[in-house]
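Let me begin by presenting the structure, written as structure tokens, before commenting on it.
Residue numbers (our numbering): 87 to 1030.
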């Protein structure tokens, strides 16, 4: 027990409930002190003995940005394990290291911004690597496991406080702070909200971060969904942390508000509790909040509510109870257990996509390992600094012996000749090893380039450079000692970095045809390379004309080693900092042309060619022409060892695809089309033939499924079946359970994941699997009643090895609600509750709440509302509209019954007026509306 003395304030008393302690502390804080807590970097309050605090420590697959740490596979790779128990252990290890790192560096935060639960709806999204899956059920299962590991299992105190990213419907980097995701109610509830909801309801989430984009015309940082949905899912005081710079975007780029005071007040009122803006400088945000308060836009209660939520997290992290915090003094960092876990996770993430019997490789196989990623262990923007490193080449050396492995990277080796006949020359200097980010930084975007090395010069011999085209004409140039050409703040070109990286990558170039040569454009600065008396640099004028002189093409080196090998392993993929990353979406599913050439050269020279894709996202490849294809995300520090152990058969692969791999770009919807139902997107609705389906992954063993049984009782479907290893090696199988509505009244998924389980089976062993699936899993969001409904009728229950590899099926017929037609006389039609649309976007009805619809291009669009019941008859229709244009109404696709036109434009997009017209209708009909012009339709009413 804590000894009570007059000098012990209640907020310091660990015997009191957190709520009472927070009440006490709030009363002791001045208004200025409370306001200061609303910025990411909350200052200390020395008079109360309260330390400084910051929200936000990146920890997506290891502690990031703060120097060396254990690096686990990328999030999409963790999703590919389909193993929540493993991912929970990964989260636990990451949290342990965060605690250990904080013990020696108080810059390391415990409010961790992870995991990312955005669904991988579109494979060209630049941040595909950050999510777990295109499926909300799998995403929530993996995210819940990770947050439980991060949180710890103490009933009171948390090891770290995880914040989910990025709320909501965020899958594009192109114009990410100004584009609006048009999300119809069914997609909102059945898809985008679902992954967040199930993770929050699991109880190990401290908060969320809104995304940069707008949803239905309203910025996520002022979304009513934060209150209507997020905070309704839990009794916990969730902390909502803004994304970096997003509060200022409300005025500066989105122009949603006229003043920053209005914008900041609106965000705080909507539920944003911590403002991440202007880096460590809190003065601008706190000044805006003070002025908003003085203008009457905020109250003390608004400020106190936000501060309370932050303090709730701080109390749970044990900040005020160091003697009682079970995680204080943690020292588990880079332990043997963490290293083993990193390898286990990397092994479980490997997906065998195709195998005609070439794999696994015999121990005496002579291997040629080739490709741009064959001797790389790539990091991404949200990685820590590697302590240990394993490349595919190193893993194969270890597994098969260096004497049996030959290597050819496949780069093009060039000299760049100037217009004067000299060549670019990298000065020979002794360079101390320096790894980007090794010292850690609160904002690695601010890390400066090296200026301590001499810039490039020219001379008659020049330096042979390794040139790689990463696609779209984006090049890197590397010196013989492994250092990449880069440009620092002074504009000079140096061989200075160990890898491409940074918020603005300074190691990428383009060769632009010009007269009889090429200009060398430095992409990071947008300037061309020129040759000056004091060295090679970038400048606005005086661009040098270069002629690339190829010493060796990459294909030549590949053919040379491929011809001498029993098997060729081509390691292809992406650099996570180039062409597909935060701020930059991909433009195609195709492999970069240089890597395609290397693959063709290997295959033509030696048909026994294995393609190992190491990438943050799917590709489309001609898999049928290859005897074996594997994929793994960038697997962290043990990536190479893991891949080699799978290739050798020491580990049987059991990763499964967490998203659909499409056969071509033509199968993809527009990047900004968020209507997964209408656009027939993801495995849930896609009607084409994928290259590889969701859930796909092969094994070195074989498995038999049998004895599927389903019974419905107590509000659940109880499903059981058996899986038997019929192969001759011990292996994991990922048994997957899906459903399909057989006779739906509305479009429903072709398949929908209900549950899954990863099991390890020895040869001949059998697993008896059982699942309890709540009948709510069979429901859909019924726009007619604005709620969930279990439709009666048959549902297939499918068990198998992927969404397309179904081994067992049966049918269940649960009791359900037959529903009924829309009661339009009583409720009218909320414009966004349509069944079908063409050319329509959903927009904000007001800046505070509600939805409206508008023609997407300002010209025209159509809406259909099925099964509208007019009862004994109606004689009038009304529409609530703003803007300018007209609404035309018809029934069942027949002739127009009414046209309601605005005689003049309203004064603004939110200045609604009601128009009426006479109609005659009775009984049940489909209502068709045609919108013309840039108007907003909020509601349709009927009377008479």
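Where is the CB? At the ideal position from N, CA and C, for every residue including glycine. Remember, predicted model here, so these are calculated numbers, not experimental data.
- In the assembly as shown, residue 993 is an exposed residue. Its beta-carbon has fewer than 16 other beta-carbons within 10 Å.
- Looking at the backbone, the Cα of residue 779 and that of residue 820 are separated by about 14 Å.
- In the DSSP annotation of this structure, the continuous segment of the beta strand (DSSP E) that includes residue 441 starts and ends at 437 to 441.
- If you ignore the 5 residues before and after residue 1008, its C-beta comes within less than 8 Å of the C-beta of 956, 957, 958, 959, 960, all in its own chain and listed in chain order.
- Nearest to residue 775 by C-alpha distance, out of 716, 706, 802, is 706.
- One alpha carbon belongs to residue 731, the other to residue 722, and they sit about 15 Å apart.
- Within the stretch 1002 to 1026, the beta strand (DSSP E) runs of at least 3 residues that lie entirely inside it are, in chain order, 1010 to 1018.
- The three-state secondary structure of residue 429, taken from DSSP, is helix.
- No Cβ-Cβ contact shorter than 8 Å links residue 512 with residue 478.
- Residue 656 has its alpha-carbon roughly 8 Å from the corresponding atom of residue 699.
- Judged by DSSP in its simplified three-state form, residue 299 adopts coil rather than helix or strand.
- Its chain contains 442, 444 as the residues whose beta carbon lies nearer than 6 Å to that of residue 713, once the 5 sequence neighbours on both sides are disregarded; these appear in chain order.
- Residue state for residue 123 is assigned as coil, using DSSP reduced to three classes.
- Cβ neighbours of residue 824 within its own chain (closer than 7 Å, five residues either side excluded): 837, 838, 839, 840, 884, 889.
- Secondary structure remark: continuous beta strand (DSSP E) runs of at least 3 residues inside the stretch 213 to 275, in chain order: 249 to 253.
- Residue 340 counts as buried, since at least 16 other C-beta atoms from the protein chains shown sit within 10 angstroms of its C-beta.
- By the Cβ-count criterion, residue 636 is exposed, with fewer than 16 other Cβ atoms from all chains shown falling within 10 Å of its own Cβ.
- When C-alpha distances from residue 650 are compared across 696, 548, 582, 492, the shortest belongs to 492.
- With contacts defined as CB atoms closer than 8 Å, residue 357 and residue 317 qualify as a contacting pair.
- Exclusion of the five residues before and after residue 1030 leaves 960, 961, 962 as the residues of its chain whose Cβ lies within less than 6 Å of its Cβ.
- Contact check for residue 180 and residue 236: beta-carbon distance about 7 Å, within the 8 Å limit, so the pair qualifies.
- It is roughly 8 Å from the alpha-carbon of residue 112 to the alpha-carbon of residue 394.
- Contact annotation: residue 928 and residue 919 have beta-carbon atoms that are not nearer than 8 Å.
- Taking 8 Å as the cut-off, the Cβ atoms of residue 207 and residue 216 do not count as close.
- Sixteen is the threshold: when 16 or more other Cβ atoms of the shown chains lie within 10 Å of the Cβ of residue 291, as they do, the residue is buried.
- Bridge pairing for residue 804: 797, 858 [DSSP].
- By the C-beta criterion, the stretch 900 to 915 is judged not to be in contact with the stretch 262 to 280, since fewer than 3 inter-stretch pairs fall below 8 Å.
- Looking only at 893, 347, 897, 953, the smallest Cα-Cα distance to residue 905 is reached by 953.
- Contact between the stretch 139 to 151 and the stretch 191 to 198 is present, with at least three C-beta pairs closer than 8 Å.
- Under the criterion of beta carbons closer than 8 Å, residue 640 and residue 596 do not qualify as touching, at roughly 19 Å.
- Under the three-state reduction of DSSP output, residue 732 falls in the helix class.
- Rounded to whole angstroms, residue 773 and residue 794 show a C-alpha spacing of 27 Å.
- At the C-beta level, residue 743 and residue 436 stay beyond 8 Å of one another.
- For residue 342, the CB contacts under 6 Å within the same chain, skipping 5 residues up- and downstream, are 305, 336 in chain order.
- At a Cβ-Cβ threshold of 8 Å, residue 159 and residue 432 count as neighbours.
- Straight-line measurement puts the Cα of residue 832 at about 28 Å from the Cα of residue 750.
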